[in-house]
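Residue numbers (the numbering used here), protein chains in the order written: chain A, 4 to 454; chain B, 4 to 454.
Following: one structure in structure tokens, then a few remarks.
Next up, the structure:
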């Protein structure tokens with residue numbers, strides 16, 4: 004019955020998703036403030052139409068949160084769906100094959116910023132809810148909280164959760180913001196890395212200088228920044244910040260063995276992203292490097308003349324955005340502090356250094372003996388025909404550990420993305436089949452969870 | 004008589020210079036192609052009006068060259084004036100206090116891109132020529148060659164000089180494109196550093212990647228570029244490229260002693276450019292570091308997300324513009340080659356590296372026993388009241404050594420800029436007094452040179 008409803012409403016569902024995707028809700032840029040409000044309003048309307056008996060846009064200090072609910076019977080279990088309506092900036096624009104905010108379907112995939120992350124994935128929940136409500140098969144209570152700041156650290160959601168603890172009471176938080184190992188290797192994400200994100204600025208002269216007249220006698224902020232960044236990792240790919248690894252939980256030999264059972268082909272990995280060789284911390288496999296080891300990556304760097312041709316200057320300053328992915332039991336506040344202390348300490352005399360912590364989040368692990376894990380496992384087995392593997396993702400959803408701290412509720416990460424979706428990259432996409440099977444699987448999850 | 008003429012025509016001269024400054028003749032950017040042509044035409048007209056009996060815009064493969072001449076008597080000596088009408092890009096635009104291409108006078112200084120480098124300085128020659136022609140005091144023949152590609156390496160001028168050797172025959176090439184040590188410490192530039200300018204690109208994945216999902220398992224091009232740049236200099240500020248110093252002429256103890264007699268205050272130097280400490284190659288003074296030692300400076304660096312807020316990506320590539328200032332007897336072609344070989348050799352396996360040589364020029368030294376040096380020395384002593392010091396500038400005018408090779412003619416570098424002019428920087432300026440006294444001094448130079 005549910006399957007029939009999904010099929011009959013397929014075109015309308017996709018059209019609605021396209022409407023949602025067209026709103027350029029980029030949280031990193033203040034110019035999109037009004038798009039955030041528009042997007043939240045659109046979602047509240049959509050959830051009301053889908054069957055919510057309460058759906059509203061709730062203000063925060065930052066972007067609003069969309070809250071909706073349908074209480075079928077207070078004695079039944081409650082699922083709290085979490086998602087985010089904000090998206091990554093679309094840049095670099097010239098690498099998109101179509102407009103970043105105009106969805107197009109090609110080879111049965113939806114191309115658009117947010118197609119997967121997270122508009123496509125969160126809208127599966129709206130459609131699963133609508134299907135169950137419309138066909139009278141909703142087996143438990145449902146609540147939705149959809150925020151607009153996930154990509155910039157969920158700054159306002161912590162406070163909003165604290166202020167609304169009672170309203171948000173639930174048995175499980177259900178999240179679709181992760182990927183499957185592969186379409187034919189379904190998985191449930193049990194681990195997420197934490198994140199500490201900083202911006203660093205190295206400044207020297209009070210203006211750009213002529214590199215001939217001053218070159219050799221002035222510490223060049225761009226050269227210095229390069230040296231400082233270079234020194235943050237050693238030749239074995241280990242991070243050199245004192246204390247950085249102190250709380251990293253090393254796997255036991257048995258855990259490592261299990262961990263490396265997940266299917267992995269170095270050749271396919273390299274080919275899928277076009278790299279000439281794999282790389283990473285010495286002594287660990289690729290799966291371990293992204294799953295259980297911390298990282299330090301430059302996300303952006305700029306300084307001096309970056310236009311066409313040549314300009315002979317010593318730049319007044321150089322800047323970098325640096326993020327560190329963290330693993331249990333690292334604490335993002337402590338790591339940000341260690342980074343800042345170290346970075347300031349290694350600055351040479353000829354420059355000034357500024358470190359600005361941007362956002363962060365704690366690592367998270369979902370126990371596989373959780374009832375919701377069992378329900379998700381059965382649901383996926385039903386729709387994919389295969390029992391899912393537990394998977395440790397390299398990604399971060401910082402707010403997840405916040406939910407546990409503030410609400411005391413665990414989260415279940417049942418995402419339907421694939422690596423080829425290119426989230427955060429130009430030409431982000433999401434498979435139409437992933438969208439439709441996701442809806443089916445969510446409905447199956449509710450059924451098993453309410454049992 | 005000349006002094007009176009300069010004073011009477013002061014306002015008109017400045018108005019004409021302002022017209023020249025308003026043309027945004029940025030050679031680094033192809034969008035300014037028509038401005039280059041416009042600027043050349045304007046200058047040819049101005050030189051004709053100033054008294055040239057021939058003045059024309061001559062095409063090259065790139066931007067045109069302005070050629071003009073007045074032959075008073077073929078048996079008299081000939082001065083060939085060289086200058087350039089192209090200017091540096093004005094970026095960063097938000098650091099300008101006024102429009103980059105709308106000259107304003109403040110505190111008796113002209114603020115505009117090109118106010119000094121080189122429009123203000125070359126226009127002194129047009130006005131000195133006009134003054135001598137109008138007052139019947141031109142004591143020798145004058146030729147002008149004003150190019151439009153100095154800031155991007157004078158690519159077309161070499162060929163143009165080869166094609167016009169006969170026309171360009173002269174006893175000295177007179178150039179005002181350098182600075183005085185200070186207004187009260189006048190100087191003649193006897194040494195210029197050479198230049199080798201390259202752009203390097205480090206690329207890895209075929210698109211920006213999610214730094215969570217891939218972080219730790221992929222060589223990050225921005226981190227790698229930082230490491231590669233960092234390794235190009237050691238802890239003593241020495242450049243590590245094999246063979247880089249092989250042809251560097253070390254000063255004798257006696258030469259060093261003389262060289263360091265030029266007035267220098269570390270405190271004033273630091274204050275003038277707002278740096279917290281001096282810096283440079285160990286074992287050398289600041290004057291030596293800019294005058295007789297080679298350098299390696301990052302002029303620009305960029306990669307990944309550089310906008311507002313945070314974006315968690317591994318950039319597909321990272322790029323830097325790097326220039327090396329060279330000293331006798333380094334050869335820029337050889338240094339570019341050594342750089343490229345080394346940079347490719349040190350690239351780790353997980354990335355691809357591309358090195359693009361941009362432009363270069365040889366170091367140059369003017370002997371102080373040249374007749375033109377003596378004439379310039381007397382002229383400066385007459386107008387400044389002090390005998391000028393010989394000065395070794397850190398800057399480069401690559402074409403100068405080209406002139407000697409192609410035309411067999413030496414150059415005399417009599418510039419009237421000051422360090423505070425901020426050439427190549429935002430808010431470039433040139434003192435009105437420098438402009439006027441420059442005209443006077445050039446006229447005096449002609450007088451002594453013709454004696």
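Note that the Cβ used here is the ideal one computed from N, Cα and C, for glycine as well.
Less than 8 Å divides the Cβ of residue 290/A from the Cβ of residue 262/A.
Residue 448/B carries a helical assignment under DSSP once its states are collapsed to helix, strand and coil. Only 351, 352, 353, 354, 355, 361, 362 from the region 336-367 of chain A bring a Cβ to less than 8 Å from some Cβ of chain B.
The beta carbon of residue 265/A does not come within 8 Å of any beta carbon belonging to chain B, so the residue lies off that interface. Segment contact: the region 145-162 of chain A against the region 6-23 of chain A, fewer than three CB-CB distances shorter than 8 Å; contact not assigned. Interface annotation, residue 159/B: not in contact with chain A, CB-CB separation never under 8 Å. DSSP places residue 147/B inside the beta strand (DSSP E), whose first and last residues are 144-150. Annotated three-state conformation of residue 241/A is coil, per DSSP.
A Cβ-Cβ separation of about 5 Å places residue 320/B in contact with residue 224/B under the 8 Å criterion. When DSSP states are grouped into helix, strand and coil, residue 34/A belongs to the helix group. DSSP places residue 327/B within a strand segment (E or B) once states are collapsed to three.
Distance from the CA atom of residue 352/A to the CA atom of residue 288/A, rounded to whole angstroms, is 39 Å. Annotation for residue 345/B: 244, 245 place their beta carbon closer than 7 Å to its own, counting only its chain and skipping 5 residues before and after. Secondary structure of residue 252/B (DSSP, three-state): coil.
According to DSSP, residue 307/A shares a beta bridge with 303/B. Residue 119/B counts as buried, since at least 16 other C-beta atoms from the protein chains shown sit within 10 angstroms of its C-beta. In this chain, the beta strand (DSSP E) harbouring residue 392/A covers 392-395. Comparing alpha-carbon positions, the option among 213/B, 253/B, 402/B lying closest to residue 416/B turns out to be 402/B. Around residue 215/A, the same chain offers 315 as residues with beta carbons nearer than 8 Å, after the five sequence neighbours per side are excluded. Residues of chain A with a Cβ closer than 9 Å to the Cβ of residue 305/B are, in chain order, 303, 304, 305, 306, 307, 309. Every beta strand (DSSP E) of 3 residues or more that sits fully in the region 169-230 of chain B is shown, in chain order, as 175-178, 190-195, 197-206.
A distance below 8 Å between beta-carbons, with the five flanking residues on each side excluded, links residue 373/B to the following residues of its chain, in chain order: 175, 413, 415. Going by beta carbons, residue 31/A and residue 218/B fall outside the 8 Å limit.
Counting C-beta pairs with one atom in each stretch, the region 303-311 of chain A and the region 403-410 of chain A have fewer than three that are closer than 8 Å, which means they do not touch.
The residues 26, 27, 28, in chain order, have a CB closer than 7 Å to that of residue 38/B in the same chain once the five nearest residues on each side in sequence are set aside. Only residues of its own chain outside the window of five on either side were considered, and among them 113, 118, 119, 123, 424 have a CB closer than 6 Å to the CB of residue 433/B, listed in chain order.
Between the beta-carbon of residue 299/A and that of residue 236/A there is about 6 Å, and that keeps the pair under the 8 Å contact cut. For residue 171/A, the closest C-alpha among the options 185/A, 187/A, 149/A, 184/A is that of 149/A. Distance check between residue 152/B and each of 364/B, 265/B, 131/B, 296/B places 364/B closest, using alpha-carbon atoms only. Of all residues in the region 319-334 of chain B, the ones placed with a Cβ closer than 7 Å to any Cβ belonging to chain A are 321, 324, 326, 328, in chain order. In the structure shown, residue 417/B adopts coil according to DSSP, grouped into three states. Taking C-beta atoms under 8 Å as the contact rule, residue 399/A and residue 328/A qualify, at a distance of about 6 Å. When secondary structure is reduced to three states using DSSP, residue 83/A falls in the strand class. Shown here, residue 124/A sits in a helix according to DSSP, grouped into three states. Annotated three-state conformation of residue 389/B is coil, per DSSP. In terms of CA proximity to residue 58/A, 71/A leads the group 104/A, 71/A, 101/A, 426/A.
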